[in-house]
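J.:
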Amino acid sequence: MKLITHIEYHTVWGQELFLRAGDKVYPMKYTPGDIWVVEIPGLRRGRIFEYRYEVHQDGVCTRTEWLPHRVMMQGGDPSESMLEILSGDGRILSEGKNAVEVRDFWSVVPSCLPLHSAPFAEGVFHVRNSRENGTLQIGWKAAGTAVPVFSLRSERSFGVGEFRDLKLLVDWAVKTGQKVIQLLPVNDTTMSWTWADSYPYNANSSFALHPQFLHLPAAGVDEDEEYLRLRKELNALPELDYERVNLEKHRLLRKAFEKAGKETLTAEAFKAFFNENQGWLLPYAVYSVLRDRFGTADFTRWERFAEYDNDAVRSFASDNQHETAYWYFVQYHLHVQLLEARNYAHSKGVIFKGDLPIGVSRTSVDAWTNARLFNMDSQAGAPPDAFSEDGQVWGFPTYNWEEMSKDGYAWWKSRLGNMSRYFDAFRIDHILGFFRIWEIPLDDVSGLLGHFNPAMPYRTAELESVGFRMKACTGKSRGKDVLFLPDPKKRGYWHPRIAAQNTSVYSGLPEDMKKTFDSLHEDFFYRRHNGFWKESAMKKLPSLLTATGMLACGEDLGMIPGCVPDVMSEYQILSLEIQRMSKKFGERFADPAAYPYYSVCTTSTHDMNPLRAWWEEDRDVTEHFWKEVLGYPGEAPVHCEPWICRRIIEMNLESPSMLVILPLQDWLSTDGALRLDDPFKERINIPARPRHYWRYRMHQTLECLLRQDRFNAGIMEMVSASGR
Numbered sequence: 000m001k002l003i004t005h006i007e008y009h010t011v012w013g014q015e016l017f018l019r020a021g022d023k024v025y026p027m028k029y030t031p032g033d034i035w036v037v038e039i040p041g042l043r044r045g046r047i048f049e050y051r052y053e054v055h056q057d058g059v060c061t062r063t064e065w066l067p068h069r070v071m072m073q074g075g076d077p078s079e080s081m082l083e084i085l086s087g088d089g090r091i092l093s094e095g096k097n098a099v100e101v102r103d104f105w106s107v108v109p110s111c112l113p114l115h116s117a118p119f120a121e122g123v124f125h126v127r128n129s130r131e132n133g134t135l136q137i138g139w140k141a142a143g144t145a146v147p148v149f150s151l152r153s154e155r156s157f158g159v160g161e162f163r164d165l166k167l168l169v170d171w172a173v174k175t176g177q178k179v180i181q182l183l184p185v186n187d188t189t190m191s192w193t194w195a196d197s198y199p200y201n202a203n204s205s206f207a208l209h210p211q212f213l214h215l216p217a218a219g220v221d222e223d224e225e226y227l228r229l230r231k232e233l234n235a236l237p238e239l240d241y242e243r244v245n246l247e248k249h250r251l252l253r254k255a256f257e258k259a260g261k262e263t264l265t266a267e268a269f270k271a272f273f274n275e276n277q278g279w280l281l282p283y284a285v286y287s288v289l290r291d292r293f294g295t296a297d298f299t300r301w302e303r304f305a306e307y308d309n310d311a312v313r314s315f316a317s318d319n320q321h322e323t324a325y326w327y328f329v330q331y332h333l334h335v336q337l338l339e340a341r342n343y344a345h346s347k348g349v350i351f352k353g354d355l356p357i358g359v360s361r362t363s364v365d366a367w368t369n370a371r372l373f374n375m376d377s378q379a380g381a382p383p384d385a386f387s388e389d390g391q392v393w394g395f396p397t398y399n400w401e402e403m404s405k406d407g408y409a410w411w412k413s414r415l416g417n418m419s420r421y422f423d424a425f426r427i428d429h430i431l432g433f434f435r436i437w438e439i440p441l442d443d444v445s446g447l448l449g450h451f452n453p454a455m456p457y458r459t460a461e462l463e464s465v466g467f468r469m470k471a472c473t474g475k476s477r478g479k480d481v482l483f484l485p486d487p488k489k490r491g492y493w494h495p496r497i498a499a500q501n502t503s504v505y506s507g508l509p510e511d512m513k514k515t516f517d518s519l520h521e522d523f524f525y526r527r528h529n530g531f532w533k534e535s536a537m538k539k540l541p542s543l544l545t546a547t548g549m550l551a552c553g554e555d556l557g558m559i560p561g562c563v564p565d566v567m568s569e570y571q572i573l574s575l576e577i578q579r580m581s582k583k584f585g586e587r588f589a590d591p592a593a594y595p596y597y598s599v600c601t602t603s604t605h606d607m608n609p610l611r612a613w614w615e616e617d618r619d620v621t622e623h624f625w626k627e628v629l630g631y632p633g634e635a636p637v638h639c640e641p642w643i644c645r646r647i648i649e650m651n652l653e654s655p656s657m658l659v660i661l662p663l664q665d666w667l668s669t670d671g672a673l674r675l676d677d678p679f680k681e682r683i684n685i686p687a688r689p690r691h692y693w694r695y696r697m698h699q700t701l702e703c704l705l706r707q708d709r710f711n712a713g714i715m716e717m718v719s720a721s722g723r
């Protein structure tokens, strides 16, 4: 049998469409009306045929569908339809003796949602009831909630939010008309068994899930008197006690493992999980055992295991089966519980959006097993911005992109593939890192002493030709008080120091030299690298974005080069829009009505104060917002009253953004009886504080939230009125 598929897709110069089925790629033929056609011969009756459409430009795949199309050729009675469409919005156009023609629609939104979409040149069109009438609706939009898993609180959680609590959150999302739940990273961060491990962006593995999110009874822990007492005690705490919760959970899990571990590890479902994941699971288990034996996650202190050796690690796992099997047991149950929550969300028309950290810990399994992929002699961070005057130092090694490219970015593809099991969309933390990263010497503690990598630094001769004497404005002994920093790899090349206008060496320059430096500084940080960084990103992003069907959303805040919006637009990566952080020069507040469709709109992120605390942060800013944005006369109220919060949220919901995802704290701010008394207790992270304790928990239980009919109806009304 032969399958002939048609799809409408408007391409631009240099683009072509292909149909991919497994490893086979079929070129499609363009026909008038932007219709692309392809014939697939040799389909067998009773077999499922799965395929996706791809866009290629200049021989490179630049876009692929979110979900695959699945069809099956039927056998038996020829009077019945020969083709069954199992998934995807396809319509049978005609059926002949040896061929079936199908009209498909590009899949962007998961099939669990009420709409499907197809990107055209001018926007996104969505198919409703395509089998009946094929009518198109422009601009599918959705609302959602952002909250870390650890911040959830239910009557059955154990002092920390758990994967099973996500089901209750899904129920609340459905009750309030929301379709997206956005989470912070959920990977294991256990390094020291102290509260310092609460930082979710410092994972010990890019694949392993955090054991703290496990619902213990579902993993075999008895709900005995001790368990119930501990649960009541820990769940009554206003914030997460990271150390106690994690130590108690592992103590109880080890007891459950001793009792039921063998039964779990011999089950067919576990064997399938292990066989599919042993590439990362076995090294992770050995890492966890060695970390605890040596009392440190710094693998350089693990004696003969300091340098990763695959044979030695496998031999260790074999010799220490019981210890390593405990970690297999924990990861298996985590996988089952998160997958169960995701499937439940899909059944309710809700999707999960995950978070892809830009950094990888230098004491992680990833750095241990793949040291060649990282620049271990440097650390990543961020230049000064609204969050930190001194910049940020994250401590992560930077990526050795040249080495990663040699195997087609296999580590990244594997990482994203693992993530796509649980998430339908993902936030690219610090998307600028795919263009360039702020790299800081390993022994420095200030982000001011960093430089961009990759970059095109100035040569000594260039700088001296315009009047700079390098000895007078550089030098390690001067610390931060320099105009230029030496390139660590290329002798005789220099990077202007970020914000050097605040140094004493700059203050001592003649006025004409200040202008010269300002011009160099402006050119270097905002113009010189645009084409160079675009080329850098284009080498990496296409193969990563097409590795899975997840919708990509970029965190594009901070110092944004001009090339970034262009690349994000070209690949339809959703931007991040925040009213209080306008991206337009000279504009104090962004206008939500002017946001692009391909964007995620939010009122605040985990790195800033939620609405109510922001309102009390800076009186001058609040007064300006009150008068110029909200348009009210007189003085602004001291506190952000519920009706003000509601009005701000309505402004954001009414934006053209595809997704409006608000922090749970900001949704709660619209009800005076439900919101937390102290708004400053709602903040999750303070980026300027290197050792911040991530411990915020919602003060209401999810069960209580589900019972707030008036509040929930109010959110449903706002969401519905905005067309989401």
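Counted from 1, the sequence shown has number 682 at position 683 by numbering that gives the first Met the number 0; the numbering is strictly sequential.
For glycine and all other residues, C-beta sits at the position ideal for the given N, C-alpha and C.
Output yes or no for whether 8 Å exceeds the beta carbon distance between phenylalanine 395 and serine 360.
T.: Yes, these two residues count as a Cβ contact at 8 Å.
J.: Go to lysine 479, then tell me how far its alpha helix (DSSP H) extends in each direction, as first and last residue.
T.: Lysine 479 -> no alpha helix (DSSP H), and no H or E assigned at all.
J.: Looking only at C-alpha atoms, which of Leu658, Thr263, Arg682, Arg290 sits nearest to tryptophan 613?
T.: That would be Arg682, whose Cα lies nearest to the Cα of tryptophan 613.
J.: Please return the same chain residues whose Cβ sits closer than 7 Å to the Cβ of glutamate 222, not counting the five positions on each side in sequence.
T.: Excluding residues within five positions, the ones whose Cβ falls inside 7 Å are Pro216.
J.: Within this structure, are the beta carbons of lysine 178 and alanine 142 separated by less than 8 Å?
T.: In this structure, alanine 142 lies closer than 8 Å to lysine 178 by Cβ.
J.: Taking one C-beta from the stretch 637 to 649 and one from the stretch 702 to 712 each time, how about it: are there three or more such pairs within less than 8 Å?
T.: The answer is no - the stretch 702 to 712 does not touch the stretch 637 to 649, with fewer than three Cβ pairs under 8 Å.
J.: Taking its Cβ as the centre, do 16 or more other Cβ atoms sit within 10 Å of arginine 585, making it buried, or is it exposed?
T.: The question names arginine, yet the displayed sequence has glycine at residue 585. So glycine 585 counts as exposed.
J.: Hey, could you find the ends of the alpha helix (DSSP H) histidine 623 is sitting in?
T.: Histidine 623 -> alpha helix (DSSP H) spans 618 to 623.
J.: When the distance is taken between beta carbons, is alanine 202 closer than 8 Å to isoleucine 660?
T.: The answer is no: Cβ separation not under 8 Å.
J.: Enumerate in chain order the residues of its own chain whose CB-to-CB distance from asparagine 529 is below 8 Å, with the five nearest sequence positions on each side excluded.
T.: The residues are Pro560, Gly561, Cys562.
J.: So what does DSSP say about glycine 294, is it helix, strand or coil?
T.: Here glycine 294 sits in coil by DSSP.
J.: Does the distance from the CB of serine 721 to the CB of glutamate 653 come in under 8 Å?
T.: It is a contact, given that the beta carbons lie within the stated cut-off.
J.: When the Cα of valine 169 is compared with those of Met27, Phe451, Leu182, which residue comes out closest?
T.: It is Leu182 whose Cα lies nearest to the Cα of valine 169.
J.: Mind reading off the beta-carbon distance from valine 444 to aspartate 480? Whole number of angstroms is fine, and I expect it under 8 Å.
T.: Rounded, the Cβ-Cβ distance is 16 Å, inconsistent with contact.
J.: What residues in its chain sit with their C-beta under 6 Å from that of glutamate 665, if we drop five residues either side in the sequence?
T.: One detail in the question is off: residue 665 reads as aspartate in this sequence, not glutamate. Excluding residues within five positions, the ones whose Cβ falls inside 6 Å are Thr602, Pro609, Leu610.
J.: If you run the structure through DSSP and keep just helix, strand and coil, what is methionine 71?
T.: If DSSP states are grouped into helix, strand and coil, methionine 71 belongs with the strands.
J.: By how many angstroms is the C-alpha of glutamate 554 removed from the C-alpha of serine 740?
T.: Since the first and last residues shown for the chain are 0 and 723, residue 740 lies out of range.
J.: Identify, in the order they occur along the chain, each residue of the same chain with its Cβ nearer than 6 Å to the Cβ of methionine 403, setting aside the five sequence neighbours on each side.
T.: Within the same chain, methionine 403 has close Cβ partners Leu372.
J.: Runs of 4 residues minimum, wholly inside the stretch 318 to 403: which ones carry the alpha helix (DSSP H) assignment?
T.: Within the stretch 318 to 403, the complete alpha helix (DSSP H) runs of at least 4 residues are 320 to 346, 364 to 368.
J.: Scan the stretch 491 to 565 and note each continuous beta strand (DSSP E) run of 3 residues or more that stays entirely inside, going in chain order.
T.: Correct list: 492 to 495, 550 to 553.
J.: Does tyrosine 570 pass the burial test, meaning 16 or more other C-beta atoms within 10 Å, or should it be called exposed?
T.: With 16 or more other Cβ atoms within 10 Å, it is buried.
J.: Do proline 591 and isoleucine 497 have their C-beta atoms within less than 8 Å of each other?
T.: No, these two residues do not count as a Cβ contact at 8 Å.
J.: Are there 16 or more other CB atoms within 10 angstroms of the CB of glutamine 320, so buried, or fewer, so exposed?
T.: The residue in question, glutamine 320, is exposed, as its Cβ has fewer than 16 Cβ neighbours within 10 Å.
J.: With 16 other CB atoms within 10 Å as the buried threshold, where does proline 356 fall?
T.: Label assigned to proline 356: buried.
J.: Sorted by chain position, which residues of the same chain lie with C-beta nearer than 7 Å to tryptophan 171's C-beta, five sequence neighbours on each side aside?
T.: So the list reads Leu701, Leu704, Leu705, once near-sequence residues are dropped.
J.: Could you compute how far the alpha carbon of arginine 426 sits from the alpha carbon of serine 204?
T.: Taking the straight line from one Cα to the other gives about 18 Å.
J.: Check whether the Cβ atoms of isoleucine 39 and histidine 5 lie closer than 8 Å to each other.
T.: No, these two residues do not count as a Cβ contact at 8 Å.
J.: Since serine 719 is in the alpha helix (DSSP H), which residue starts that stretch and which ends it?
T.: 708 to 720 is the span of the alpha helix (DSSP H), which, as asked, contains serine 719.
J.: Tell me whether glutamate 634 is buried or exposed, calling it buried when 16 or more other Cβ atoms sit within 10 Å of its Cβ.
T.: Result: exposed.
J.: Measure from the alpha carbon of tyrosine 695 to the alpha carbon of each residue in Leu151, Leu629, Pro632, Met71, then state which is nearest.
T.: Considering only alpha carbons, the answer is Leu151.
J.: Take the Cβ of tryptophan 411 as the centre, count every other Cβ of all protein chains shown within 10 Å, and call the residue buried at 16 or more, exposed below.
T.: Classification for tryptophan 411: buried.
J.: Please classify valine 185: does DSSP put it in a helix, a strand, or coil?
T.: Of the three classes helix, strand and coil, the one that applies to valine 185 here is coil, per DSSP.
J.: Under the assumption that glutamate 735 contacts phenylalanine 212 (Cβ atoms under 8 Å), give the Cβ distance between them as a whole number of angstroms.
T.: With the chain covering only 0 through 723, there is no way to say anything about residue 735.
J.: Just grab the DSSP bridge partners of arginine 19 for me.
T.: Answer by DSSP bridge pairing, in chain order: Val24, Arg51.
J.: Considering just the uninterrupted stretch of the alpha helix (DSSP H) at threonine 602, what are its terminal residues?
T.: Neither: threonine 602 is in no alpha helix (DSSP H) and is coded neither H nor E.
J.: How long is the line joining the alpha carbons of proline 487 and glutamate 438, rounded to whole angstroms?
T.: When rounded, the distance between both Cα atoms is 10 Å.
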